[in-house]
Amino acid sequence: MKKLQLLEQIDKLSSLLHSDDLQEFNFSAGTISEMRMKLDMLSEEYIECYC
Numbered sequence: 001m002k003k004l005q006l007l008e009q010i011d012k013l014s015s016l017l018h019s020d021d022l023q024e025f026n027f028s029a030g031t032i033s034e035m036r037m038k039l040d041m042l043s044e045e046y047i048e049c050y051c
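Numbering follows full-length UniProt numbering, with no gaps: position 11 of the sequence shown is 11.
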């Protein structure tokens, strides 16, 4: 179950960060940077646990 939750979080965050609509949300550069760091952390966690 944890694997599916982790993949879902990665997918949602990745979709948001790579969306053409990202600019419409008016996130600050710092917020976007934090979101990218979180995506990197989730991706690393997935790789460590399941690859």
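All C-beta atoms in this analysis are idealised placements derived from N, C-alpha and C, irrespective of residue type, glycine included.
None of these values were measured; they are calculated from a predicted model.
With the rule of 3 Cβ pairs closer than 8 Å, the stretch 20-31 does not count as touching the stretch 1-10. DSSP, read as helix, strand or coil, puts CYS51 in coil. In the three-state scheme derived from DSSP, where H, G and I count as helix and E and B as strand, PHE25 is classed as helix.
Counting along the chain, ASP11 sits inside the alpha helix (DSSP H) bounded by residues 2-17.
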